[in-house]
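Please read the structure below before turning to the comments.
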Amino acid sequence: MTSINIGSLIEKARATAGLSQRALADATGISQPTLSRIISGDRVAKLPEIVAISWATGFTVAQLTGTSTVADRVQCAARATNGSDMQAMRDALLHFLELDDYLDEQAIPATM
Numbered sequence: 001m002t003s004i005n006i007g008s009l010i011e012k013a014r015a016t017a018g019l020s021q022r023a024l025a026d027a028t029g030i031s032q033p034t035l036s037r038i039i040s041g042d043r044v045a046k047l048p049e050i051v052a053i054s055w056a057t058g059f060t061v062a063q064l065t066g067t068s069t070v071a072d073r074v075q076c077a078a079r080a081t082n083g084s085d086m087q088a089m090r091d092a093l094l095h096f097l098e099l100d101d102y103l104d105e106q107a108i109p110a111t112m
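In this text, residue positions in the sequence shown follow the UniProt record's numbering: the first is 1, and each later residue adds one.
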């Protein structure tokens, strides 16, 4: 999982959702300069930021991170929540992962 790859996926999601960087920043609570650095690959996106971007754009965490298996996504969640006291964010992420896995099982294609 590289920041450049994630940045380009986030940029694609932002554009597809019809949001400007400013609008996405406002919707996520991430500052516009930070969002710009994430998109350009100059800064690695933190998992809570990816989840917020997911909510704002309608894209799944898996689509924004380029992960393809539930195991990859759970490993990403475990790293981000290990001792960080972010139970609500972890629960939301796991909900997204379960939904994404269900959609994969039903052969519903991603809309990217």
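The beta carbon of each residue, even a glycine, is placed where N, CA and C say it ideally should be. All of these numbers come straight from a predicted model, not from anything done at the bench.
- At the C-beta level, Ile38 and Ala27 stay beyond 8 Å of one another.
- Val44 carries a coil assignment under DSSP once its states are collapsed to helix, strand and coil.
- Under the three-state reduction of DSSP output, Gly7 falls in the helix class.
- In the three-state DSSP reduction, Gln21 falls in the helix class (H, G or I).
- A distance below 7 Å between beta-carbons, with the five flanking residues on each side excluded, links Thr60 to the following residues of its chain, in chain order: Ser54, Phe96, Asp100.
- Of all alpha-carbon atoms in Asp42, Pro33, Ser31, the one lying nearest the alpha-carbon of Ser8 is that of Asp42.
- Taking 8 Å as the cut-off, the beta carbon of Gly58 is found no closer than this to the beta carbon of Ile6.
- In this structure, the alpha-carbon of Pro33 lies about 17 Å from that of Pro48.
- Taken atom to atom, the span from the alpha-carbon of Leu93 to that of Gly18 is near 24 Å.
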